[in-house]
Structures are given as structure tokens and as C-alpha cells.
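Chemist: Residue numbers (the numbering used here): 16 to 514. My questions all concern the structure below.
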Amino acid sequence: MGPNVGASVPVSLQRKKKCDGQKITCRNCLRLGKACHWRPVIQRARLANTTSIKPGAQEVSIIDQPPQPKISQRSQIEHQRQAASPSPQDRLEHVEWKPCPNPRGWLPAQPTKWSNTSWGIFQYYVNEYLPQLFRVSADNVHAQAVEAQLLQRAFRNPYMMETLLAQAALHLAGRDASYRVLALDYQLRAVSELRHYLAASYGPVDETNVCLAALGLCIFESHFQPAHISPSVLFHLDGVAKLIRRRVRNSPGYYDRSKSDADIALQRLVLESFLFHASRIPLLQGNGDPLPPDLDAAIAIAARICEAEAGSRGHPSPVLGMPPQVFILVYKLSCLARPAPRAQDDNSLQSDLDLAERLLAQLDAAGASTGQRASNAPFAERQMRATGEELAEDAERKGVEMMTLACKCLLASLQKKDDGVADGRERKLAVARAVASIDLSRWPSSYVQEFYRWPMQVLRDFLGGVPVWTRGGMVISSDSCVLLPSISTLRESGKPCNV
Numbered sequence: 016m017g018p019n020v021g022a023s024v025p026v027s028l029q030r031k032k033k034c035d036g037q038k039i040t041c042r043n044c045l046r047l048g049k050a051c052h053w054r055p056v057i058q059r060a061r062l063a064n065t066t067s068i069k070p071g072a073q074e075v076s077i078i079d080q081p082p083q084p085k086i087s088q089r090s091q092i093e094h095q096r097q098a099a100s101p102s103p104q105d106r107l108e109h110v111e112w113k114p115c116p117n118p119r120g121w122l123p124a125q126p127t128k129w130s131n132t133s134w135g136i137f138q139y140y141v142n143e144y145l146p147q148l149f150r151v152s153a154d155n156v157h158a159q160a161v162e163a164q165l166l167q168r169a170f171r172n173p174y175m176m177e178t179l180l181a182q183a184a185l186h187l188a189g190r191d192a193s194y195r196v197l198a199l200d201y202q203l204r205a206v207s208e209l210r211h212y213l214a215a216s217y218g219p220v221d222e223t224n225v226c227l228a229a230l231g232l233c234i235f236e237s238h239f240q241p242a243h244i245s246p247s248v249l250f251h252l253d254g255v256a257k258l259i260r261r262r263v264r265n266s267p268g269y270y271d272r273s274k275s276d277a278d279i280a281l282q283r284l285v286l287e288s289f290l291f292h293a294s295r296i297p298l299l300q301g302n303g304d305p306l307p308p309d310l311d312a313a314i315a316i317a318a319r320i321c322e323a324e325a326g327s328r329g330h331p332s333p334v335l336g337m338p339p340q341v342f343i344l345v346y347k348l349s350c351l352a353r354p355a356p357r358a359q360d361d362n363s364l365q366s367d368l369d370l371a372e373r374l375l376a377q378l379d380a381a382g383a384s385t386g387q388r389a390s391n392a393p394f395a396e397r398q399m400r401a402t403g404e405e406l407a408e409d410a411e412r413k414g415v416e417m418m419t420l421a422c423k424c425l426l427a428s429l430q431k432k433d434d435g436v437a438d439g440r441e442r443k444l445a446v447a448r449a450v451a452s453i454d455l456s457r458w459p460s461s462y463v464q465e466f467y468r469w470p471m472q473v474l475r476d477f478l479g480g481v482p483v484w485t486r487g488g489m490v491i492s493s494d495s496c497v498l499l500p501s502i503s504t505l506r507e508s509g510k511p512c513n514v
């Protein structure tokens, strides 16, 4: 099932010359000069694994074979997990979807090729999943422009629509595990459609659409296997990094040109989403494998452009929620903390640490514009004094403080003070703040969950098994005993955890 898996030619032509579905562009569709999309799902899955790409056709790494199990193997694994239950189709056919609580007037009527399940999942994406991907305090006009453009492009590009449905179905799987198999099916179709688009495009590729789809697949993979970074995540990020670098190389002033509001919104979404996800990869990856070669340069380009735009707007973006320098800081610290062997000398290492200190000082100075500035006052006491604050805004603000706190902890660990441990008072304060944040926030959205992921990893490594110094000597903080299992639960399950 899925959107628009039928023929791309009029019904009258389908009856006369049915597409044979044997090649990327079949004989009948080629004769008519039409783009061929009429392939059975099984044929498309086989084609995605066996089709060889013509050399030189595209430079985007997304069209290469990713280092992941074959589609048939991966589907078999998921179906084996659900073997004791009814089939996904049987479970989903009885679902009755309620009317949309906030329907968008411009959305088209249900396409005839869509099943009721697919249409219901799309409505869930529009009305529940998509709005909570942005900060609660985001500019509504900007967020609505991004949403409208994203959905309109998805209706014109099958690989984008399949990606959106995969994300929404996986999000629904948190409530009902039966949607997990359906989400995987949408994801496999999205990858197949994207490869087909890149392989069959003889003209210029719509790089914005490709980047949006690749980032959506990156988000899917991150949530599908939350305990670790899948090779597919690096694969998709590498493709986006190559596109960003190629665009700047071929057209140096591209991002500075005057464009329509819709183009500006989408370009901003691509750059900020890439910066948000790519900057945290080095530490979350955790195994020391080499990073994609284009990642470093593309992050620098995205941060520079996002910083210039943030300065002109005077407020954080709806996606990042913090100054772009923060994500450069996160990336630098993550690279320094990786278990991979370093090829730098001591002077280069000290230079990176000095840069991290300067960026952290800028973050502290900009705290007033990104939320409550971190102070030495007990974090829990300040939370209890805050009244009448919306739940999502409260969790979002604490996420900013958690990010700042994690950067300080990681930098302190890298600097390795003379006594071998960080200052006891700062460490104890870090634990108190972290515990209060986890305890008080109710994880209202996927945005907040994803925001917390990197600082949780840092605090887990920073506090695990390390004593806290007090006046009476060395003791193990009881807060640490509560915090560390909660972080482990969050990291392994990818779901909210309450202390």
C-alpha cells in the first residue's frame, strides 16, 4: 500500500499500452515520453537492490548502495518479530480515523490510489506530527510557510511522500507496535523511489527535495534504531553534505541571493536540520569509525549561513532553537571526545580546546536570548518558582540549559585538570540540574526528545561511576544513582522516561 503506486499515465492510455515494469523506464512509457512509475512493489524493491547506476550520472552518494541489510532481509527480520501477532494489514484495516482536529483547507481530497490507512497516517502527520517538529515558541508564520511548502512538494514527489508517511507511521508505533512494520514498508519505498528519481533524471535534480527526503530518512533511521547510530544515518548525512558543498562550489552566492519567501524557508530548513543532526553524530556514533569526508566542511558552511540569518532575524530559528555557534561547539567537542585515535599534535588539540572555551563563553553570553541563562542557583528551586509556564516551553527551555551544561561537562573532562577530577561543586550542581530536568519535563514532543539526546549521552558518560566531592569527603551522589538508569533507558528505547 502507499500513495500513488499506480501508473503515471492517463487511464485511457493505461488500457492501451500497459507499462511492463521491467526497466527503470519501460518500453511503452519511453515511447510515450512519460516518466514511468508503474512497477509493482515487489519489483520496485528488487530493482532498488539490483539496478546499477550509470557512472557519472549523479555525484550524490544517496544513490549508492548503503551499508545496511538487503530490503528482503530487513523486512523478514521485522516480520519475524511480529510473527506471533496478526498481519499488519489485518490489524490496520479496522482502524477508524477521527476527523482532523485542525484540518488544513488547502489540502487536496483523498487521492483515489491511497488506502484509508495511508490517508489516515498522512492526516496524523499533518495535524500532530509535523507541528511538533518545531519549537513551541517558533515564529508561526515561518513555521506555517515551511509546512505548506513541504507538503505541497510531497504531493508532487513520491519519494518525499513515502518519507513523510514512514516518519508518521514510526511515530505511531510508539503507541501501537503494529505500525512499525508499516513504517518500514514506507521507508523502503521511499529509498526505492529516491534512487529511481536520481537514476532516471536526465535534467537538473531538485536538490532541495532530495535534501529534505534524505534528512527525513535520517530522522527515521535515528528513531528506528535509537540505541546507536545506524550506518544509514551517516550515509544520508553524507549525501546532504555533498549537495551543500556542491551547491556552494558551483554557485558561491546561491544562499545570499534574493529568493521568494518559500525558497528561503525551505533552504533554511535544509541547512538548520542538517546542522542539528550532523553536529551530534561524532559522539553519538561512539565506535570511532571514520566520519564522512564532506561532513566537516558542510557543517562549517551551514553554521556560517545560519549564523548570518540568525543575526539578521534577531532570534533563534524554529529548528535549532539556539544560536548556530552552539552546534559548532557541540561538533568540535564531540570530535575531540571520540574514541578514535587523534592525528593532531598537542598544539592543535589545545587550539581546539581554546576555540571550545570561546564558543562556550559566547553561549553563556547569549543565554538571555535563548531561554533562562544558567546560573549557580539550584536548578530545581528555580523550576518550582516558575509558575504558569507551558509544559512544552518549560521542557524546551530546560533543553537549552541541558545543552549548555553538557558542553561544560564535556569540556571539563577533555581539559583534565591537575587533580584528575572536575570541581566537586560544579559536578554536584550538574547532577542536580540534570535530575531536575528529567524529573520535571514530560517529553511533550519529538523535538524535545531529539534535543535532549546529545546532552543525555554526555551526562551519562560524564557522571557514570564518578564520585562527587563534599566537605566530609568523597561520597556517591544518590542523584547519580537515579539519573544514570534513566538516561540509559531513554537512550536504549528512544522513548520518554520518567524518574
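Beta carbons: idealized from backbone N, C-alpha and C, even for Gly. None of these values were measured; they are calculated from a predicted model.
1. Is the distance from the Cβ of Leu230 to the Cβ of His186 below 8 Å?
2. Is DSSP giving Pro307 helix, strand or coil here?
3. Leaving out five residues before and five after Tyr346 in sequence, what residues of the same chain have Cβ atoms less than 6 Å from its Cβ?
4. Let me confirm a value: Asn172 is counted as buried when at least 16 other C-beta atoms fall within 10 Å, else exposed. Which label applies?
5. Would a C-beta distance cut-off of 8 Å place Ala256 and Leu209 closer than the cut-off?
6. Please report the residue range of the alpha helix (DSSP H) in which Tyr174 lies.
7. Have a look at Glu324 and Ser193 and give me their C-alpha separation to the nearest angstrom.
8. Checking 8 Å against the spacing of the C-beta atoms, do Leu249 and Ile296 come in under that value?
9. Which residue wins for smallest C-alpha separation from Pro146, given the options Ala312, Leu166, Leu299, Lys128?
10. Which value, in whole angstroms, describes the spacing of the CA atoms of Pro307 and Ile244?
11. Counting along the chain, where does the alpha helix (DSSP H) carrying Pro246 start and finish?
12. When the Cα atoms are used, what is the spatial distance from Arg260 to Cys233?
13. Please confirm whether Arg264 and Asn224 have their CB atoms less than 8 Å apart.
14. One question on the structure: do Phe235 and Leu290 come within less than 8 Å of each other, judged by their Cβ atoms?
15. For Leu375 versus Leu351, is the C-beta distance shorter than 8 Å?
16. Restricting to Cα atoms, I'd like to know which of Ser366, Ile136, Glu322 is closest to Asp191.
17. Do the CB positions of Ala198 and Ala188 come within less than 8 Å of each other?
18. Could you tell me the alpha carbon to alpha carbon distance between Ser237 and Asp253, rounded to whole angstroms?
19. Can you look up Leu133 in the DSSP assignment and give me helix, strand or coil?
20. Between Ala181 and Gln202, how many whole angstroms is the CB-CB distance? I'm expecting something under 8 Å.
21. Are the CB atoms of Leu227 and Met176 within a distance shorter than 8 Å?
22. In or out: Asp369 buried (at least 16 other Cβ within 10 Å) or exposed?
23. Using 8 Å as the threshold, is the C-beta distance between Leu213 and Trp469 below it?
24. Using the three-state DSSP reduction, which class does Val345 fall into: helix, strand or coil?
25. Run the CB neighbour count on Arg373, radius 10 Å, all protein chains shown included, and call it buried at 16 or more, exposed below.
26. In or out: Arg457 buried (at least 16 other Cβ within 10 Å) or exposed?
27. Under 8 Å by Cβ, that's how I've got Leu281 and Ala317 pegged, so tell me the actual separation to the nearest angstrom.
28. With H, G and I counted as helix, E and B as strand and the rest as coil, what does DSSP make of Gln147?
29. On the criterion of 16 or more Cβ atoms from any shown chain inside 10 Å, does Pro219 qualify as buried, or is it exposed?
30. Heavy atom of the ligand MN less than 7 Å from the Cβ of Leu203, yes or no?
31. Which first and last residues belong to the alpha helix (DSSP H) in which Phe231 is found?
32. Check each candidate in Phe239, Arg353, Ser207 and name the one with the smallest Cα separation from Asp304.
33. Whose CA, out of Asp200, Ala215, Arg283, Tyr140, lies closest to the CA of Glu322?
34. With DSSP collapsed to three states, give me the class of Arg168.
35. Roughly how many angstroms lie between the CA atoms of Ser266 and Asp278, to the nearest whole one?
36. Let me confirm a value: Gln240 is counted as buried when at least 16 other C-beta atoms fall within 10 Å, else exposed. Which label applies?
Modeler: If we stick to the structure as given:
1. Taking the sequence shown and counting its residues from 1, the one referred to as residue 230 is at position 215. Taking the sequence shown and counting its residues from 1, the one referred to as residue 186 is at position 171. Against a cut-off of 8 Å, the Cβ pair of His186 and Leu230 comes out as no contact.
2. Residue numbering aside, residue 307 sits at position 292 when the sequence shown is read from its first letter. DSSP places Pro307 in the coil class of the three-state scheme, outside both helix and strand.
3. For the purposes of this step, residue 346 is identified with residue 331 of the sequence shown, where counting begins at 1. Closer than 6 Å at Cβ, skipping near neighbours: Ser294, Ile314.
4. Along the sequence shown, one-based indexing puts residue 172 at 157. Per the 10 Å Cβ criterion, buried.
5. Residue mapping note: residue 256 aligns to position 241 of the sequence shown, counting from 1. Residue mapping note: residue 209 aligns to position 194 of the sequence shown, counting from 1. Against a cut-off of 8 Å, the Cβ pair of Leu209 and Ala256 comes out as no contact.
6. Counting from 1 along the sequence shown, the entry for residue 174 is found at position 159. Membership of Tyr174 in the alpha helix (DSSP H) is indicated by the continuous run 173-187.
7. Taking the first residue of the sequence shown as position 1, residue 324 is located at position 309. Taking the first residue of the sequence shown as position 1, residue 193 is located at position 178. Approximately 42 Å between the Cα atoms of the pair.
8. As a first step, residue 249 must be located in the sequence shown, where it is residue number 234. As a first step, residue 296 must be located in the sequence shown, where it is residue number 281. Cβ distance < 8 Å, so Leu249 and Ile296 count as in contact.
9. Stepping through the sequence shown from its first residue, residue 146 is reached at position 131. Ranking Ala312, Leu166, Leu299, Lys128 by CA distance to the CA of Pro146 puts Leu166 first.
10. Start at 1 with the first residue of the sequence shown, and residue 307 comes out as number 292. Start at 1 with the first residue of the sequence shown, and residue 244 comes out as number 229. Cα to Cα, the separation comes out at about 14 Å.
11. For the purposes of this step, residue 246 is identified with residue 231 of the sequence shown, where counting begins at 1. Going by DSSP, Pro246 is part of the alpha helix (DSSP H) stretching over 246-265.
12. What you label residue 260 is simply residue 245 of the sequence shown in a count that begins at 1. What you label residue 233 is simply residue 218 of the sequence shown in a count that begins at 1. When rounded, the distance between both Cα atoms is 19 Å.
13. One-based indexing of the sequence shown puts residue 264 at position 249. One-based indexing of the sequence shown puts residue 224 at position 209. For Arg264 and Asn224, no; Cβs fall outside 8 Å.
14. As a working note, residue 235 is residue 220 in the sequence shown. As a working note, residue 290 is residue 275 in the sequence shown. No. Outside cutoff.
15. Mapped onto the sequence shown, residue 375 falls at position 360. Mapped onto the sequence shown, residue 351 falls at position 336. In this structure, Leu351 does not lie closer than 8 Å to Leu375 by Cβ.
16. Locating residue 191 in the sequence shown gives position 176, counting from the first residue. The closest CA to that of Asp191, considering only Ser366, Ile136, Glu322, is found on Ile136.
17. On the sequence shown, residue 198 is found 183 positions in, with the first residue counted as 1. On the sequence shown, residue 188 is found 173 positions in, with the first residue counted as 1. The Cβ atoms of Ala198 and Ala188 lie closer than 8 Å to each other.
18. Reading the sequence shown from its first residue, position 222 is the one you call residue 237. Reading the sequence shown from its first residue, position 238 is the one you call residue 253. Straight-line Cα distance between these residues: approximately 15 Å.
19. Here residue 133 is taken as the residue at index 118 of the sequence shown, counted from 1. Here residue 133 is Ser; the residue named in the question, Leu, does not match the sequence. Shown here, Ser133 sits in a helix according to DSSP, grouped into three states.
20. As a working note, residue 181 is residue 166 in the sequence shown. As a working note, residue 202 is residue 187 in the sequence shown. Yes, they are in contact, since the Cβ atoms of Ala181 and Gln202 sit about 4 Å apart, within 8 Å.
21. Locating residue 176 in the sequence shown gives position 161, counting from the first residue. Locating residue 227 in the sequence shown gives position 212, counting from the first residue. Contact flag unset, no.
22. Position 354 of the sequence shown, counted from the first residue, corresponds to residue 369. Asp369 counts as exposed, since fewer than 16 other C-beta atoms from the protein chains shown sit within 10 angstroms of its C-beta.
23. Here the question's residue 213 lines up with position 198 in the sequence shown. Here the question's residue 469 lines up with position 454 in the sequence shown. Not closer than 8 Å, so no.
24. Taking the first residue of the sequence shown as position 1, residue 345 is located at position 330. In the three-state reduction of the DSSP assignment, Val345 falls in the helix class.
25. Within the sequence shown, residue 373 is the residue found at index 358, counting from 1. Exposed, because fewer than 16 other Cβ atoms sit within 10 Å of the Cβ of Arg373.
26. Numbered from 1 along the sequence shown, position 442 holds the residue referred to as residue 457. Confidence is the limiting factor: at Arg457 the pLDDT is only 49, short of 50, which leaves the residue's position unreliable, though a coordinate-based value still follows. In this structure Arg457 is exposed. Its beta-carbon is surrounded by fewer than 16 other beta-carbon atoms within 10 angstroms.
27. Stepping through the sequence shown from its first residue, residue 281 is reached at position 266. Stepping through the sequence shown from its first residue, residue 317 is reached at position 302. Actually they are not in contact, since the Cβ atoms of Leu281 and Ala317 sit about 14 Å apart, beyond 8 Å.
28. Residue 147 sits at position 132 when you count from the first residue of the sequence shown. In this structure, Gln147 counts as helix in the three-state DSSP scheme.
29. As a position in the sequence shown, residue 219 is number 204, starting the count at 1. Counting other Cβ atoms within 10 Å of its Cβ, Pro219 stays below 16 and is therefore classed as exposed.
30. Ligands in the displayed structure: none, and consequently the ligand MN is not present.
31. The residue you call residue 231 lines up with position 216 of the sequence shown. Here residue 231 turns out to be Gly, not Phe, going by the sequence shown. Element bounds for Gly231: 222-239.
32. Reading the sequence shown from its first residue, position 289 is the one you call residue 304. Out of Phe239, Arg353, Ser207, Arg353 has the C-alpha closest to the C-alpha of Asp304.
33. As a working mapping, residue 322 is identified with position 307 in the sequence shown. Ranking the options by Cα distance to Glu322, first place goes to Arg283.
34. Position 153 of the sequence shown holds residue 168. Of the three classes helix, strand and coil, the one that applies to Arg168 here is helix, per DSSP.
35. In the sequence shown, the residue the question calls residue 266 occupies position 251. In the sequence shown, the residue the question calls residue 278 occupies position 263. One C-alpha to the other measures close to 16 Å.
36. Against the sequence shown, residue 240 aligns to sequence position 225. Residue environment for Gln240: exposed (fewer than 16 other C-beta atoms within 10 angstroms of its C-beta).
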